[in-house]
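**Q** Attaching a single structure in structure tokens format; questions to follow.
In structure tokens form, the structure reads like this:
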């Protein structure tokens with residue numbers, strides 16, 4: 076990345092085989108995975124997925140695979156469906172989202188793919204909890220998939236255009252964050268980027284937030300004092316692990332160029348004033 080020096084990648088974050096294996100027991104019924112991952116942007120490689128699959132098969136565990144960002148990968152990174160691995164189709168429910176696939180987040184249309192013996196139970200739960208979403212939105216998504224099928228693999232495919240478009244925004248945000256003293260983690264997929272803020276020295280002596288994690292207090296300060304909205308990364312973790320991620324915040328780069336420019340201006344002005 077130009078002028079920024081080395082930047083960490085989401086690929087640098089890996090599962091510990093020993094720790095993962097230790098979480099499986101005769102009581103384990105299911106595992107939820109998310110690839111490409113939110114908030115990190117990590118895309119699990121085939122070797123990592125095989126490790127998870129082997130444990131699922133060994134312990135007869137169902138895998139719920141959240142793959143809503145499957146079409147948003149960068150730098151040649153390939154998304155692999157864990158359900159495509161040997162022995163996994165019959166025990167995997169794969170989740171997709173029109174909001175992420177077609178950039179239609181307000182529609183709330185999603186889908187689940189898997190074997191009939193699992194989905195028949197999922198249908199019962201769905202009917203008695205959500206019931207259904209708007210028929211017109213479902214029809215529009217179906218038409219979108221049909222059109223994509225007709226141009227799939229060509230330059231006219233939205234699934235090819237979107238990651239190319241976001242790739243530049245991703246690099247732009249990472250360059251800016253690095254230049255103002257933050258340590259971004261370059262995502263392999265998705266449209267979020269986390270950054271390490273431990274280098275910053277910000278006085279957060281607000282008595283009303285003193286009992287909250289540092290990243291919670293920081294993002295509140297950032298939006299109140301600088302007008303820039305981010306998300307505290309520790310919000311994604313269970314209470315016993317929150318403390319390990321209090322110095323990370325999440326940015327979103329699927330924004331208009333004018334919005335990204337405004338964010339850059341805020342960050343650079345703040346950096347220059349320190």
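In the working numbering, the protein residues as written are 76 to 349.
Backbone N, C-alpha and C fix where the C-beta goes; we use that ideal spot for every residue, glycine too.
Could you pull the DSSP bridge partners for residue 258 from this structure?
**A** Paired residues: 271.
**Q** When the Cα atoms are used, what is the spatial distance from residue 191 to residue 260?
**A** Each residue's Cα considered, the two are about 39 Å apart.
**Q** Smallest Cα separation from residue 326: which of 308, 121, 161 and 340?
**A** The option with the nearest alpha carbon to residue 326 is 308.
**Q** Return helix, strand or coil for residue 115, following the three-state DSSP convention.
**A** In the structure shown, residue 115 sits in coil (DSSP, three-state: anything other than H, G, I, E or B).
**Q** Touching or not, the region 133–148 and the region 93–110, by the rule of three or more beta carbon pairs under 8 Å?
**A** In short, these stretches touch, since the Cβ pair count reaches three.
**Q** Helix or strand or just coil, what does DSSP make of residue 326?
**A** The answer is strand: DSSP assigns residue 326 an E or B state.
**Q** On the CB-based measure, 16 or more other CB atoms within 10 Å of its CB, does residue 276 come out buried or exposed?
**A** Exposed is the call here.
**Q** Is it buried or exposed for residue 189, if we count other Cβ within 10 angstroms and need 16 for buried?
**A** With 16 or more Cβ atoms within 10 Å of its Cβ, residue 189 is classed as buried.
**Q** Using DSSP's beta-bridge definition, name the partner residues of residue 167.
**A** BP columns for residue 167 point to 138.
**Q** Check this for me: beta carbons of residue 266 and residue 241, under 8 Å apart or not?
**A** In this structure, residue 241 lies closer than 8 Å to residue 266 by Cβ.
**Q** Let's test the definition: count the other Cβ atoms within 10 Å of the Cβ of residue 279 and tell me whether it reaches 16, buried, or not, exposed.
**A** Exposed, because fewer than 16 other Cβ atoms sit within 10 Å of the Cβ of residue 279.
**Q** For the 8 Å Cβ check, are there 3 or more pairs between the region 191–208 and the region 151–163?
**A** Cβ pair count under 8 Å is below three, so no.
**Q** Looking only at its own chain, which residues have a Cβ that is under 7 Å from the Cβ of residue 179, when we skip the five neighbours before and after it?
**A** Counting only Cβ-Cβ distances below 7 Å, and skipping sequence neighbours, we find 173.
**Q** Is DSSP giving residue 294 helix, strand or coil here?
**A** The answer is helix: DSSP assigns residue 294 an H, G or I state.
**Q** Can you give the Cα-Cα distance for residue 322 and residue 269, rounded to whole angstroms?
**A** Between residue 322 and residue 269, the C-alpha separation is close to 10 Å.
**Q** Determine which residues share a DSSP beta bridge with residue 307 and list them.
**A** Its beta-bridge partners are 324.
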